[in-house]
Amino acid sequence: IGHFTLDNACNNDTAMRELSRLLTLCGIDFDPVDCHIICFPHILNICSGHVTDEYTAVDFASISEAWVDALDGNKVIDKDAYIEALRRDPIALGHDIVRAQLDNMDWQVLQDMEVVLEIPHSAQQCMSGESFPLLSRVVPSFETFMAQWEQLSLNEPRFAPYIEIGLRHARSYYRRMGETNAYAIAMFMDPTIRFTWIELNWEE
Numbered sequence: 161i162g163h164f165t166l167d168n169a170c171n172n173d174t175a176m177r178e179l180s181r182l183l184t185l186c187g188i189d190f191d192p193v194d195c196h197i198i199c200f201p202h203i204l205n206i207c208s209g210h211v212t213d214e215y216t217a218v219d220f221a222s223i224s225e226a227w228v229d230a231l232d233g234n235k236v237i238d239k240d241a242y243i244e245a246l247r248r249d250p251i252a253l254g255h256d257i258v259r260a261q262l263d264n265m266d267w268q269v270l271q272d273m274e275v276v277l278e279i280p281h282s283a284q285q286c287m288s289g290e291s292f293p294l295l296s297r298v299v300p301s302f303e304t305f306m307a308q309w310e311q312l313s314l315n316e317p318r319f320a321p322y323i324e325i326g327l328r329h330a331r332s333y334y335r336r337m338g339e340t341n342a343y344a345i346a347m348f349m350d351p352t353i354r355f356t357w358i359e360l361n362w363e364e
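Residues in the sequence shown are numbered from 161 upward in steps of one, following this note's numbering.
As structure tokens, then:
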């Protein structure tokens, strides 16, 4: 019995535990956690979904009153106006754009969200572009995705509150990857990776 690639639905975890129980009765060792490979696109979708679902309620208390937008000619963005636009939920307004006229700050929020979501989108496209998506690429791709979100939070502090929502879930899934040996084994067996990624990016 090898590994199973499944999404994060609770019933899949239950199925793996039940399979482990049945195999144990037959004298076959089967670790339901180690043998569960999480579906990479599904993880990215969940992390992105939490950002778009919860961005209207994020806390900007620790962010300064105005921001310099390094992405657009160092334009100054007013914090209060930005938060007011967030509360209007421009993503939802955009679904009914015929009746809902978006103002400039609504568009600013939408443009910011596009920048934030482009990072997980690029990670997914990178894996999807492979003729044969390789398990050995999952950890490097996921670590790169998280590092890019973290760097964007530092470069553009107004993004930080809602990026952090997605990062909380990303870190949780990353810890789960650490419970599945197949990721590291696949990296060791990939002649283009071997120990290179680990030596360059892992402290221990």
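Virtual Cβ for every residue (Gly too), placed ideally from N, Cα, C.
Residue i and residue j closer than 8 angstroms at C-beta
{"i": "I323", "j": "S332", "result": "no"}
{"i": "M273", "j": "Y215", "result": "yes"}
{"i": "Q268", "j": "I243", "result": "no"}
{"i": "D249", "j": "L294", "result": "no"}
C-alpha gap between residue i and residue j, whole angstroms
{"i": "L204", "j": "W309", "result": "12 angstroms"}
{"i": "N172", "j": "L166", "result": "7 angstroms"}
{"i": "I345", "j": "D263", "result": "51 angstroms"}
{"i": "G162", "j": "F319", "result": "41 angstroms"}
{"i": "A217", "j": "R247", "result": "7 angstroms"}
{"i": "E363", "j": "D191", "result": "27 angstroms"}
{"i": "I279", "j": "C186", "result": "45 angstroms"}
{"i": "A283", "j": "F302", "result": "7 angstroms"}
{"i": "L182", "j": "N168", "result": "22 angstroms"}
{"i": "V258", "j": "A241", "result": "Legend: pLDDT at V258 = 48, less than 50; position of this residue unreliable, value from coordinates given subsequently. If I take the Cα positions, the gap works out to 23 angstroms."}
{"i": "T184", "j": "A175", "result": "14 angstroms"}
Opening and closing residue of the beta strand (DSSP E) in which residue i lies
{"i": "L166", "result": "164-166"}
{"i": "V236", "result": "235-238"}
Residue i, enclosing alpha helix (DSSP H) - first and last residue
{"i": "D191", "result": "No alpha helix (DSSP H) holds D191; DSSP gives it neither H nor E."}
{"i": "L262", "result": "It is not in any alpha helix (DSSP H) - L262 carries neither H nor E in the DSSP assignment."}
{"i": "C170", "result": "170-185"}
{"i": "W362", "result": "No alpha helix (DSSP H) holds W362; DSSP gives it neither H nor E."}
{"i": "G326", "result": "320-337"}
Residue i - partner residues in DSSP beta bridges
{"i": "I197", "result": "T165"}
Proximity to residue i [Cα-Cα], best of the options
{"i": "T212", "options": "A283, L270, R354", "result": "L270"}
{"i": "I358", "options": "V193, F220, C195, R297", "result": "R297"}
{"i": "H210", "options": "L179, I279, D219, L327", "result": "L327"}
{"i": "V193", "options": "N361, R354, L360, A342", "result": "A342"}
{"i": "E339", "options": "C195, L295, A283", "result": "C195"}
{"i": "S208", "options": "V276, L295, T304", "result": "V276"}
{"i": "V299", "options": "K235, S288, A169, Y334", "result": "Y334"}
{"i": "K235", "options": "R336, E316, I251, P321", "result": "E316"}
{"i": "H202", "options": "R177, A330, T304, I251", "result": "A330"}
{"i": "I223", "options": "I325, P321, M337, T352", "result": "P321"}
{"i": "N361", "options": "S288, M265, T304", "result": "T304"}
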